[in-house]
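J.:
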Amino acid sequence: MRGATVLGLAAACVCAGCVYEREVSRRHPLAGLPGVKSATPETSRGWQGADPTYVPEDQLVVEQPGGQRTLVARSARHLMIHIYTTLRDGDEELFTEQVLSSITRGEYQARGLDAREAFRTLRGQSEDVVALFNLMPSGEKTPGVHWRTIDRTRDGRPIVRVSLGSNVPGMRWNFMDMVMESGNWRLRWFGRE
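Note that numbering that gives the first Met the number 0 gives residue 79 to position 80 of the sequence shown, counting from 1, and the numbers run on in steps of one.
(1) Quick one: measure Cβ to Cβ for W184 and A72, integer angstroms, because I've assumed they're closer than 8 Å.
(2) Closest to E180 by C-alpha separation, out of V98, G66, A109 and E116, would be which residue?
(3) Which whole-angstrom value describes the C-beta separation of M175 and L131, a residue pair presumed to lie in contact below a C-beta threshold of 8 Å?
(4) Taking a contact to mean a Cβ-Cβ separation below 8 Å, would you say N173 touches R160 in this structure?
(5) So, helix, strand or coil for T152, using DSSP?
(6) Under 8 Å Cβ to Cβ from T95, same chain only, skipping five residues before and after it: list those, please.
(7) Tell me whether A75 is buried or exposed, calling it buried when 16 or more other Cβ atoms sit within 10 Å of its Cβ.
(8) Should G182 go down as buried or exposed, given a rule of 16 or more other Cβ atoms within 10 Å for buried?
(9) Can you tell me whether DSSP reads V98 as helix, strand or coil?
(10) Under DSSP, the alpha helix (DSSP H) around T85 begins and ends at which residues?
(11) Compare the C-alpha of Q124 against each of V54, R171, K36 and V60 and name the closest.
(12) Could you give the distance in angstroms between the alpha-carbon of P64 and the alpha-carbon of D57?
(13) Near S101, which residues of its chain fall below 8 Å by C-beta distance, leaving aside the five closest residues on each side in sequence?
(14) So which of N133, Y107, P55 and K140 has the shortest CA-CA distance to Y83?
(15) My output table needs one value for N166: the three-state DSSP class, helix, strand or coil.
(16) Considering only DSSP beta bridges, list what P157 is partnered with.
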């Protein structure tokens with residue numbers, strides 16, 4: 000009996016010590032923007048994770064021993080940079096091998112065409128490429144730009160469309176399709192919805 004009383008008393012003390020803890024956090028609506036000051040201190044912890052797509056711009060092209068270059072495209076913006084620079088520099092080989100998706104290369108070959116013809120086609124329409132890129136300068140992070148999966152490859156990888164939407168008149172293209180290959184986004188093609 001005495002042991003039960005002691006046990007009951009110990010359980011009551013432990014339960015009395017259990018209290019829900021409530022964390023109140025305040026975050027100013029413009030917190031995180033450069034130069035923003037507030038009289039109310041920010042108490043939220045905020046997001047602590049790192050952006051997995053972040054690559055410094057000077058590391059988007061990796062020089063390999065022997066002079067070869069490897070393009071890094073972890074986001075639509077990176078892919079846009081590579082499309083633009085290879086077209087601007089006339090680098091047909093780099094575009095065909097590292098910017099153009101293997102799906103699109105395969106389609107060209109199935110039609111009996113050299114995949115480098117894709118480069119020549121886009122080079123002739125470079126003003127349309129630049130016009131599209133000017134309206135989505137931050138790629139998928141540009142306000143108003145939509146990102147959605149439109150299809151899947153045979154092995155299940157998503158084919159993603161980065162689109163301005165259909166309300167952009169006078170543009171040849173309003174979207175860019177891309178697919179992830181070997182850890183980098185590659186160009187599927189451009190089009191209009």
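In this text, a Cβ means the ideal position worked out from N, Cα and C, and glycines have one as well.
T.: Short version:
(1) 5 Å
(2) V98
(3) With 8 Å as the limit, M175 and L131 qualify as a contact, their Cβ atoms being about 7 Å apart.
(4) no
(5) Assignment of T152 by DSSP, reduced to helix, strand and coil, places it in the coil class.
(6) Annotation for T95: R104, A114, R115, A117 and F118 place their beta carbon closer than 8 Å to its own, counting only its chain and skipping 5 residues before and after.
(7) buried
(8) Label assigned to G182: exposed.
(9) helix
(10) A75 to D88
(11) R171
(12) 17 Å
(13) E180 and R185
(14) N133
(15) coil
(16) R151
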